[in-house]
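Encoded as structure tokens, the structure appears first; notes follow it.
Protein chains: 2
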Amino acid sequence: MTGARYPGRMNTPDDDWLRLDQQICFSLHAASRAFNGVYRGILKDLGLTYPQYLVMLVLWEHDELPVKKLGEHLRLDSGTLSPLLKRLEAAGLVRRERSARDERSVEVRLTEEGVALRGRALQVPRRIASSTGFGPEEVRALRARLDELTTALDTAAARAEPQGGPSTAAAERP
Amino acid sequence: MTGARYPGRMNTPDDDWLRLDQQICFSLHAASRAFNGVYRGILKDLGLTYPQYLVMLVLWEHDELPVKKLGEHLRLDSGTLSPLLKRLEAAGLVRRERSARDERSVEVRLTEEGVALRGRALQVPRRIASSTGFGPEEVRALRARLDELTTALDTAAARAEPQGGPSTAAAERP
DNA sequence: CGTCATTCAATTGCGCACAACTCAATTGTG
DNA sequence: CACAATTGAGTTGTGCGCAATTGAATGACG
Chain R
2 MTGARYPGRM
12 NTPDDDWLRL
22 DQQICFSLHA
32 ASRAFNGVYR
42 GILKDLGLTY
52 PQYLVMLVLW
62 EHDELPVKKL
72 GEHLRLDSGT
82 LSPLLKRLEA
92 AGLVRRERSA
102 RDERSVEVRL
112 TEEGVALRGR
122 ALQVPRRIAS
132 STGFGPEEVR
142 ALRARLDELT
152 TALDTAAARA
162 EPQGGPSTAA
172 AERP
Chain C
2 MTGARYPGRM
12 NTPDDDWLRL
22 DQQICFSLHA
32 ASRAFNGVYR
42 GILKDLGLTY
52 PQYLVMLVLW
62 EHDELPVKKL
72 GEHLRLDSGT
82 LSPLLKRLEA
92 AGLVRRERSA
102 RDERSVEVRL
112 TEEGVALRGR
122 ALQVPRRIAS
132 STGFGPEEVR
142 ALRARLDELT
152 TALDTAAARA
162 EPQGGPSTAA
172 AERP
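Residue numbers (our numbering), protein chains in the order written: chain R, 2 to 175; chain C, 2 to 175.
Printed below as a string of structure tokens:
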């Protein structure tokens, strides 16, 4: 039935690929948002958003970090982290202070309150697990699969980037 | 070593779960953004963002659809779709017109240009596939896994918020 | 027939993601 | 040492995602 709307075009491998693409695109997109949604409900109690929770997870492991390192852990840049960290600071969970050693760098560290929040966060994964019915092995397996995908995609992005040059006149550096 | 920052607390299963949670949260979040990033680069040629591409994929399959149905396919509400569709309309790819049968409903349909864009989009999945090195079976397997996850998460979310019933009914998809 | 609840799209407000840019601090190179 | 290049954080602008609200059209019910 699909081919009928594109007369003169038989079902080619391209068409099949496009449909398959729809499936995987949609699945990953939907999974990510569904995940986000479940966490949103549970994290509301802690007053955190999902990305803020990710930042806190990193800080609970290394409780003094420059913004740069934080960004490397999370693959996020200052454009995302700066306002997010300001909100965490306004919530009293972290403090930001410029490094004395390098005035360009800003050190992020947990406040007492930020450290204390970890205690309440300990129940989060259990609640997630019980919500999803996924066990540790399933989680680990899925994670491995996703990391494979991310690695492949990052490599692809890095390969595509240097040449870049789509139709729009790329800004060549003088 | 990690536990040292939280004196008096041994490494309990809770701590392990929190670390595991960090892994899976981060992996899914990163995979989603990496995926988005690769598509961003490829879709730039078509003048589409990734969510806009998802909308077009649906419209190429059913080229006349009310916003409501579109939202059910993509698990997106009007708050996201309305401005997105306006941009697609401004780009000349779709037309939006209120249904004569039900004045509340808005029908979205492809323009000639929107239909024509499909021809150029046919190469997208192949470029993605060649970028990632993932074959059709791997894609299908991952998709199945993600759909499982989404189903589990949706069920969990529905259970957590029984009153605000998810207007987006559980979707039946191919 | 009139009232009331429901449905659908649109809007508002907030937060995240990312590109492009600014600006100061640091590093390097002659 | 001077000066250009690089680095790190922040800002701006655009777009997505979602909750909450608005407003109009529809449908149900007494």
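Backbone N, C-alpha and C fix where the C-beta goes; we use that ideal spot for every residue, glycine too. Note that the coordinates shown come from a computational prediction; the quantities given were computed from them, not determined experimentally.
Asked	Found
Unbroken alpha helix (DSSP H) run spanning residue 44 (chain C), endpoints	14-44
Where residue 90 (chain C) falls: helix, strand or coil (DSSP)	helix
Limits of the unbroken alpha helix (DSSP H) element including residue 123 (chain C)	Premise fails: residue 123 (chain C) is in no alpha helix (DSSP H) and is neither H nor E.
Counted within 10 angstroms of its Cβ, other Cβ atoms place residue 103 (chain R) as buried (16 or more) or exposed	exposed
Alpha-carbon spacing of residue 27 (chain R) relative to residue 55 (chain C), whole angstroms	7 Å
Three-state class that DSSP yields for residue 65 (chain C) in the structure shown	strand
Residue 170 (chain R), buried or exposed, once every other Cβ within 10 Å from all chains shown has been counted against 16	Low per-residue confidence applies at residue 170 (chain R): pLDDT is 34, beneath 50, and the placement is therefore not dependable enough to give any value.
Through-space distance from residue 77 (chain R) to residue 17 (chain R), alpha-carbon basis	35 Å
Supposed close pair residue 90 (chain C), residue 97 (chain C) - CB separation, criterion 8 Å	6 Å
When R:52, R:36 and R:122 are compared against residue 88 (chain R), the one with the closest alpha-carbon	R:52
Residue-chain proximity (residue 109 (chain C), chain R), Cβ-Cβ < 8 Å	no
Cβ pair residue 74 (chain C), residue 59 (chain C) closer than 8 Å	yes
Alpha-carbon to alpha-carbon, residue 44 (chain C) and residue 14 (chain R)	20 Å
Assumed close pair residue 133 (chain R), residue 153 (chain C) - CB separation to whole angstroms, cut-off 8 Å	4 Å
Three or more C-beta pairs below 8 Å linking the region 66-73 of chain C and the region 120-134 of chain C	no
Helix, strand or coil at residue 77 (chain C) according to DSSP, with G and I counted as helix	coil
Extent of the continuous beta strand (DSSP E) run through residue 105 (chain C)	It is not in any beta strand (DSSP E) - residue 105 (chain C) carries neither H nor E in the DSSP assignment.
Which listed residue (R:32, R:19, R:65 and R:33) has its alpha carbon closest to that of residue 107 (chain R)	R:65
Chain-ordered residues of the region 140-152 of chain R with a beta carbon less than 8 Å from chain C	140, 141, 143, 144, 146, 147, 148, 150 and 151
Which of helix, strand or coil DSSP assigns to residue 49 (chain C)	coil
Euclidean distance between Cα positions of residue 117 (chain R) and residue 57 (chain C)	47 Å
Interfacial residues, the region 121-136 of chain R to chain C, with Cβ spacing under 8 Å	122, 123, 124, 125, 126, 127, 129, 130, 132, 133, 134 and 135
Below-8 Å beta-carbon distance, residue 117 (chain R) vs any chain C residue	no
Per-residue contacts from residue 89 (chain C) into chain R (C-beta, under 8 Å)	None at all; the shortest Cβ gap to chain R is about 17 Å.
beta-carbon residue 144 (chain C) near the ligand NAD non-hydrogen atom, thresh 7 Å	Ligands in the displayed structure: none, and consequently the ligand NAD is not present.
Cβ-Cβ distance between residue 29 (chain C) and residue 47 (chain R) below 8 Å	no
C-beta neighbour in chain R for residue 39 (chain C), strict 8 Å	yes
Min CB distance residue 22 (chain R) to chain C below 8 Å	yes
Nearest-angstrom Cα separation, counted from residue 31 (chain R) out to residue 33 (chain C)	10 Å
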